[in-house]
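Chemist: Here's a structure for you.
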Amino acid sequence: MLSTWVAVVPVKPLGAAKTRLRGAVPRPSHPGLVLAMARDTVAAALACPAVARVVAVCDDPLVRAAVTAAGATWLPDTPAAGLNAALTFGARAAAGAPVVALTADLPAMRPADLAVVLAEAARLGRRAFVPDLEGSGTVLLASPAGVALDPHFGPGSAAAHLRSGAVRLDGDWPSLRRDVDTAADLDAAADLGLGPHTGEVLCTRA
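According to my numbering, the sequence shown holds residues 1 to 206 in order.
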């Protein structure tokens with residue numbers, strides 16, 4: 001499989017991220033949990049044979065250091081106008097290559113699942129998205145070379161992406177579709193098998 005895709009992963013400053021997840025770990029560990037999930041997401045993307053490189057859009061110095069150490073690159077969130085603006089900005093770094101946008105809360109994602117999805121997206125030759133397990137959100141949006149990413153993440157993003165002309169992909173990829181917004185989501189991701197960074201943080205839970 002050719003490594004052609006550029007993965008773009010936006011990460012909020014750790015102190016402001018994942019407010020609905022607060023309480024899943026002791027309060028001082030919350031930023032570490034957010035960082036760990038982002039690290040596992042980036043690591044899984046880097047391990048996918050279809051992904052040539054990963055670009056994190058972030059302003060937090062801890063995130064920058066972690067993604068750089070993992071082998072990814074980073075861009076500052078220059079637009080500072082929310083998730084979709086950050087993704088559109090990051091996609092410009094692809095320089096015409098196909099782009100896959102990933103949320104930074106996929107700690108159970110397996111590279112093989114991502115590879116299957118990207119192969120399907122490449123076969124379609126159109127923008128395509130993968131909804132979360134609940135079906136209303138979006139965990140992945142892919143656009144072929146030369147096609148604008150046009151992200152519509154946020155509440156009701158699956159329907160928004162469908163209205164924008166993207167193809168919905170509903171395969172059996174639980175490791176990819178299990179994003180983490182709440183403590184219950186985190187427990188469900190743990191049942192699937194967490195990446196090492198998130199798993200290490202959870203070992204410290206009281």
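Don't be surprised by glycine CBs; every beta carbon is placed ideally from N, CA and C.
Would you say R168 lies against chain D (beta-carbon separation less than 9 Å)?
Modeler: Considering every chain present, this structure includes no chain D. It has just one protein chain.
Chemist: Given a cut-off of 9 Å, decide if P174 and A108 are closer than it, judged by their beta-carbon atoms.
Modeler: Yes. Within cutoff.
Chemist: Could you please give the first and the last residue of the uninterrupted beta strand (DSSP E) stretch that includes T41?
Modeler: That residue, T41, is in no beta strand (DSSP E); its alpha helix (DSSP H) goes H30 to A47.
Chemist: In chain order, which alpha helix (DSSP H) runs of at least 4 residues are fully inside the stretch 143 to 192?
Modeler: Correct list: 157 to 163, 174 to 177 and 183 to 192.
Chemist: On a CA-only basis, which of V42, R177, D170 and E134 is nearest G156? Give me that one, please.
Modeler: G156 has its Cα closest to that of E134, out of V42, R177, D170 and E134.
Chemist: Could you have a look at A66 and say whether DSSP puts it in helix, strand or coil?
Modeler: Correct three-state label for A66: helix.
Chemist: Assuming A114 contacts T41 under a Cβ cut-off of 8 Å, what Cβ separation, rounded to an integer in Å, is found between them?
Modeler: For the record, residue 114 in the displayed sequence is Leu; it is not Ala. Not a contact, Cβ separation roughly 10 Å.
Chemist: Where does the unbroken beta strand (DSSP E) through P131 begin, and where does it stop?
Modeler: Residues A128 to P131.
Chemist: Going by C-alpha to C-alpha distance, which of V6, R177, K18 and A188 sits closest to V51?
Modeler: Of the listed residues, the one whose Cα sits closest to V51 is V6.
Chemist: May I have the straight-line CA-CA distance separating T73 from A56, to the nearest angstrom?
Modeler: Taking the straight line joining both Cα atoms gives about 6 Å.
Chemist: Who are the near neighbours of T78 in its chain, counting only those whose CB is closer than 8 Å to its CB and skipping five residues on each side?
Modeler: Contacts found: F89.
Chemist: What did DSSP end up calling V25 once you bin it into helix, strand or coil?
Modeler: In the structure shown, V25 sits in coil (DSSP, three-state: anything other than H, G, I, E or B).
Chemist: Can you give the Cα-Cα distance for V99 and R168, rounded to whole angstroms?
Modeler: In a straight line, the C-alpha of V99 is about 16 Å away from that of R168.
Chemist: For the beta strand (DSSP E) containing T73, name the first residue and the last one.
Modeler: Run containing T73: T73 to L75, per the beta strand (DSSP E) assignment.
Chemist: Can the beta-carbon of S136 be found closer than 9 Å to that of A104?
Modeler: No, the Cβ-Cβ distance between S136 and A104 is not below 9 Å.
Chemist: Considering A85, what are the terminal residues of the beta strand (DSSP E) in which it resides?
Modeler: Not the beta strand (DSSP E): A85 falls in the alpha helix (DSSP H), residues L83 to A91.
Chemist: Can A80 and V8 be called in contact, C-beta distance under 9 Å?
Modeler: Result no, Cβ atoms of A80 and V8 do not sit closer than 9 Å.
Chemist: When the Cα atoms are used, what is the spatial distance from F153 to C203?
Modeler: Their backbone Cα atoms lie some 31 Å apart in a straight line.
Chemist: Near A289, which residues of its chain fall below 8 Å by C-beta distance, leaving aside the five closest residues on each side in sequence?
Modeler: Limits of the chain in this structure are 1 at one end and 206 at the other, which puts residue 289 out of reach.
Chemist: I'd like to check one pair, C58 with P76: are the Cβ atoms closer than 9 Å?
Modeler: Going by C-beta atoms, P76 is nearer than 9 Å to C58.
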